[in-house]
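Below is one structure, written out as structure tokens; the observations come after it.
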Amino acid sequence: MKPILLVILIALMHSNLLAQMTICGKISDNNNTAIPGSSIFVKDSYVGSISNRDGKFSIKIPQNLQSSTLCISSIGYQTQEILIRKIQSPMQVRLQQDTCDLAEVLVMPKDTLLALLRRAYGKIKDNYPDFDTRMKGLYRETYYNPKKEEYLYFGEAQLDVFKTSYKTKTEGQVKIVKSRMNKHPLYDSLATVMWYGGVHSPVNGDDVKIKAHYLSPNGLKDFDYSIYKDVLDAKPVYRIDFKPKENINFSYAGKFYLDINSLAYLYIEGIYTKYGSLQRSKELSDKKLNALNRKFIVKYSNWNGKYYLSYMSDEEKLYSEKLRSELIQFDEFLVTDIQTQNVQPIPFIEQSEYRDVFYLNAENVAESTWKSEQVILPDSSLSQLIEYDANKAQDLLNKQYELPKKYRFKQKLFEVITRMYFDMNFEYTAGENINNARVQFSPSENQVFEKSKSSSDPYYTFGMKMGYKLNSHWDVNFETQESVGKNFSNLNSIGFAYETPIINRGNQLLLIAGLNYYFANDGQHIGDFKSESDFRAGGKKIKADKIALFVGKKKQGISLDFGLKTRIHEFYSLFISGGYQMNISDKDRLFIKEKSGFFLTRKTTDVALSDSSIQYYENGVQTTKTSFDTKDFYLKAGIRFAF
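The sequence shown lines up with residues -19 to -1, 1 to 624 when you count with mature numbering (1 follows the signal peptide of the UniProt record, and there is no 0).
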């Protein structure tokens, strides 16, 4: 039976391939100049593509759409419509300049224009999906040196994107399905920065979804707007130009197009303002980079009565002081498929983190199993990297480079850093305080410290944790805590932590759990003293002229904690947790802490309460055991920072 099933499977696959129709070609104007960024789409459907810098394109037509019409359009040119069944591939398309493209300025009172913009914003919930969607698409990221005509890297990925309803600003999720990249062997010596966040542009760069400030009614007071009657994709539209007012610092100016009837946002384009370039240059100053300009594009298409993200790109031109030349960082995303039924969030373990560096995570093209035809043809200058014959592939892709050790170390260090996180937290633990205690400590013949204690103080600690992510769920960590207030406490622990989402959408809510082994010292403050001379205690020489004494426990054991965490920013999360400590051993101690001198060199030591230098009393009875201890339960709240 197995051979028969295999034959049937191959036949089905072959018939499916035959069912699809691939059309490729080149788009140019009357002067035979290529028109990049042209839209190629099947009328009244979501199937489409974009032409590259050479004006070339490739589009796959499903069998059920092969009786439809192919539309080819570009801003400033007349749209062409061609019956698909009459097309012979490859196509040579000549677009005619639109003589009516001189946009007609509309004279409209300011209040009327602002009212129109408020209406467009208010109709987002009607024009865009009010339900969850999953979309697939092709992502490209490049870093280019135009002076040398050399790509520092060129990479592509197939993305799976989960988006929540446009009614909310809640974030979506991104999964990298496949990836491939060709990297310059000396990228680390030629560049000073590694870029992150690009694969999340379908989530974070959708200006309609995130309710960009220049679209929002709250932002209208900060911008000057002009309105024009224009044409986009052969349809009449309103073109709105915007720029920040003179007294407003905002990074972008630009334009967006509104459908005349529905007032849906169809196309958005923005460029850096002078303020934007200056701010970006400050961000990159430590990398010896200056921002020259930046341009982003976001485009939407209508499908089944709703508008969906269809294409976006971001190009930033920089000047490298190190290389003394311009560099261009470019990324783009083209949607190829949309799912609106039975949509589920992306499983937590498959989600890409915002801080993930695509350059580091993408598969080397020589090792990638992804060899299928691309949706967007690469630029002709990239053909040697992606489109190659078998012989050239052996030479180009299987070539091994031996990088200098310092570059390999730098790359590995960056990989480690992007997996690390840091916590800052406050912890509260109730204490079983001593009601009536007296201590007499005689470290030397001429030194006697004596005091009684009958009151108690609150018991808080401040902690810092450093962790390393093993994968999406697990990490290893080290934590240290110090007391806040009069009581004495310090703790060091090593452990494992686990996290998994309870709410796997928008601002995720995660369950966190940890298992730790700790070493802790806890003591109740007895009093502060002046020290007339140096003395030795617990194997250390105490030189400070002011000291503090504490009575408590020196212990070690295992702790378990559980809590909740939610992200409030790409790099920050808030968490709250509770835990339980199980002591394996504890010892009754007198803690001595220096209170003067440089704070980083102050010593802390401890002596057993049974030591002959100590006389310790509780409720008037001499003892070598203290009733002081901390409760086993504790509460903790803090903030997490991740690169």
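By construction, the Cβ of each residue, glycine as well, lies at the ideal position given by its N, Cα and C atoms.
By Cβ distance, which residues of its chain are closer than 7 Å to residue i, with the 5 residues on each side in sequence left out?
| i | result |
| --- | --- |
| W351 | K159, R161 |
| R548 | N488, Q489, S554 |
| N521 | Per the sequence shown, the amino acid found at residue 521 is Lys instead of Asn. Correct list, in chain order: K584, T586. |
| G179 | E122, D312, F339 |
| G538 | Y499, Q562, M563, N564, I565 |
| G619 | D404, M405, N406, F407, F556 |
| N485 | P326, F329 |
| L94 | Y206, I208 |
Quick check: what's the CA-CA separation for residue i versus residue j?
| i | j | result |
| --- | --- | --- |
| I523 | R621 | 37 Å |
| G29 | G200 | 33 Å |
| F112 | V142 | 14 Å |
| residue 647 | K576 | Nothing can be reported for residue 647, as the shown portion of the chain is limited to -19 through 624. |
| N108 | I53 | 24 Å |
| T149 | L616 | 33 Å |
| Q61 | Y27 | 17 Å |
| residue 628 | F614 | Since the first and last residues shown for the chain are -19 and 624, residue 628 lies out of range. |
| S182 | I157 | 13 Å |
| N230 | R115 | 36 Å |
| T399 | D337 | 7 Å |
| K144 | K287 | 14 Å |
| V532 | R419 | 10 Å |
| G559 | V155 | 31 Å |
| D35 | W455 | 46 Å |
| N497 | S474 | 6 Å |
| residue 635 | L196 | Absent from the model: residue 635. The displayed extent of the chain is -19 to 624, so no value can be given. |
| P17 | F38 | 9 Å |
| T582 | K574 | 11 Å |
| T604 | T481 | 49 Å |
| Q375 | A343 | Low per-residue confidence applies at Q375: pLDDT is 34, beneath 50, and the placement is therefore not dependable, though the value from the model is reported in the following sentence. Straight-line Cα distance between these residues: approximately 20 Å. |
| E463 | L265 | 36 Å |
| G153 | L304 | 38 Å |
| Y491 | S453 | The question names Tyr, but residue 491 is Leu in the sequence shown. If you take the alpha carbons of L491 and S453, they lie about 12 Å apart. |
| L133 | N242 | 45 Å |
Quick one: is residue i buried, meaning 16 or more other Cβ sit within 10 Å of its Cβ, or exposed?
| i | result |
| --- | --- |
| Y292 | buried |
| Q505 | buried |
| V212 | buried |
| residue 625 | As shown, the chain starts at -19 and ends at 624. That puts residue 625 outside it, with no answer to give. |
| R99 | exposed |
| K511 | exposed |
| K546 | buried |
| K612 | exposed |
| L571 | buried |
| Y289 | buried |
| T442 | buried |
| residue 628 | Nothing in the structure corresponds to residue 628, since the chain is present only between -19 and 624. |
| D92 | exposed |
| Q69 | exposed |
| R217 | One detail in the question is off: residue 217 reads as Pro in this sequence, not Arg. Per the 10 Å Cβ criterion, exposed. |
| I415 | buried |
| G601 | exposed |
Leaving out five residues before and five after residue i in sequence, what residues of the same chain have Cβ atoms less than 8 Å from its Cβ?
| i | result |
| --- | --- |
| S594 | F422, S423, P424, A518, V588 |
| I65 | M2, I4, V23, I42, L46, Q47, S48, S49, T50, L51 |
| L270 | T173, V174, S262, L299, Y300, S301, E302, L308 |
| D515 | K522, I523, K524 |
| V429 | Q421, F422, S423 |
Can you find the residues in the same chain that come closer than 6 Å, C-beta to C-beta, to residue i, ignoring five residues on each side of it along the sequence?
| i | result |
| --- | --- |
| D222 | S207, K236 |
| D610 | E413, K534 |
| L384 | Residue confidence for L384 is low, a pLDDT of 49 falling below 50, so the modelled location carries little weight and cannot support an answer. |
| S20 | S54 |
| residue 625 | Look at the range of the chain in this structure, -19 to 624, and you will see that residue 625 is not part of it. |
| Y253 | N274, R275 |
| Y402 | G448, R621, A623 |
| Y598 | R419 |
| N11 | none |
| I493 | E480, G544, K546 |
Let me check you understand the geometry: is the CB of residue i closer than 6 Å to at least one non-hydrogen atom of the ligand NAP?
| i | result |
| --- | --- |
| D567 | The ligand NAP is absent from the structure shown, which contains no ligand whatsoever. |
Checklist entry - Does the segment 311 to 325 come close enough to the segment 224 to 244 that 3 or more CB-CB pairs lie under 8 Å? => result Between the segment 224 to 244 and the segment 311 to 325, the count of C-beta pairs closer than 8 Å stays below three; the two stretches do not touch.
Next on the checklist: Just to confirm the assignment: which complete alpha helix (DSSP H) runs, minimum length 4, are found wholly within the segment 179 to 209?
Outcome noted: Runs of the alpha helix (DSSP H) inside the segment 179 to 209: 182 to 185.
Next on the checklist: Is it the case that the segment 40 to 47 contacts the segment 70 to 80, given that we only count it when at least three CB pairs across the two stretches are under 8 Å?
Outcome noted: Taking 8 Å as the limit for Cβ pairs, the verdict is that the segment 40 to 47 does not touch the segment 70 to 80.
Checklist entry - Taking one C-beta from the segment 321 to 335 and one from the segment 303 to 311 each time, how about it: are there three or more such pairs within less than 8 Å? => result Result no; under three Cβ-Cβ pairs closer than 8 Å.
Checklist entry - Taking only runs of the alpha helix (DSSP H) that begin and end inside the segment 215 to 249, which ones reach a length of at least 4 residues, in chain order? => result With a minimum length of 4 residues, no continuous alpha helix (DSSP H) run stays inside the segment 215 to 249.
Item to check | Segments of 4+ residues assigned as alpha helix (DSSP H) that fall wholly inside the segment 36 to 73 | outcome: Assignment of alpha helix (DSSP H) within the segment 36 to 73, counting only whole runs of 4 or more residues, yields no such run.
Item to check | Minimum length 3: unbroken beta strand (DSSP E) runs contained in the segment 459 to 496 | outcome: For the segment 459 to 496, whole beta strand (DSSP E) runs of length 3 or above, ordered along the chain, are 469 to 484.
Next on the checklist: Extract the residue ranges of the beta strand (DSSP E) inside the segment 271 to 359, only unbroken runs of 3 or more that lie entirely within it.
Outcome noted: When DSSP assignments are scanned along the segment 271 to 359, the uninterrupted stretches of beta strand (DSSP E) that are 3 or more residues long and fall wholly within it turn out to be 287 to 301, 306 to 320.
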